[in-house]
Amino acid sequence: IEELKDDHNEGLEVEGIVVNQFQARASLPQQILDELIAEGLPVLPVYLSSSVRMRESHQASLPLIHLDPRHKLTLQFMELHSLLESA
141 IEELKDDHNE GLEVEGIVVN QFQARASLPQ QILDELIAEG LPVLPVYLSS
191 SVRMRESHQA SLPLIHLDPR HKLTLQFMEL HSLLESA
């Protein structure tokens, strides 16, 4: 993060790491996540799951929130937005 700030934007502020394409049932992603947290990195507490529905929204050229407003991933994005808005 500091290297990015030095090279590109000294005013850059990082709220945290967004966990994307998270597979809760798989052990390796959870292990990696645990390591990031143990290192004290700012991992945001909202994890975005993997979903075919996102690919379908891309194919339909529609934001996921318009294609499927009640989908699990849509709700996760809304939760992430609320978290970042309140920061």
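Quick note: the sequence shown uses my numbering, first residue 141, plus one each step.
A virtual CB, placed ideally from N, CA and C, is assigned to each residue, including glycine.
Cα-Cα separation between residue i and residue j, rounded to whole angstroms
i      : j      : result
Leu207 : Ser190 : 16 angstroms
Ser226 : Ala200 : 31 angstroms
Lys212 : Val154 : 26 angstroms
Gly121 : Glu143 : A query on residue 121 cannot be resolved here, the shown segment of the chain reaching from 141 to 227 and no further.
Ile177 : Gln171 : 10 angstroms
Phe162 : Asp146 : 30 angstroms
Val192 : Arg210 : 15 angstroms
Leu224 : Leu184 : 9 angstroms
His221 : Gly156 : 13 angstroms
Leu188 : Ala166 : 14 angstroms
Exposed unless 16 or more other CB atoms sit within 10 angstroms - verdict on residue i
i      : result
Ser197 : buried
Leu244 : The first residue shown for the chain is 141 and the last is 227, placing residue 244 beyond what the model contains.
Reference residue i, options the options, closest by Cα
i      : options                           : result
Glu219 : Val186, Arg193, Val192 and Ile157 : Val186
Met194 : Ala166, Pro169, Thr214 and Glu175 : Thr214
N- and C-terminal bounds of the beta strand (DSSP E) containing residue i
i      : result
Ile157 : Ile157 to Phe162
Ser189 : Val183 to Ser189
Boundaries of the alpha helix (DSSP H) in which residue i is found, first to last residue
i      : result
Arg193 : Val192 to Gln199
His206 : Leu204 to Leu207
His221 : Lys212 to Ser226
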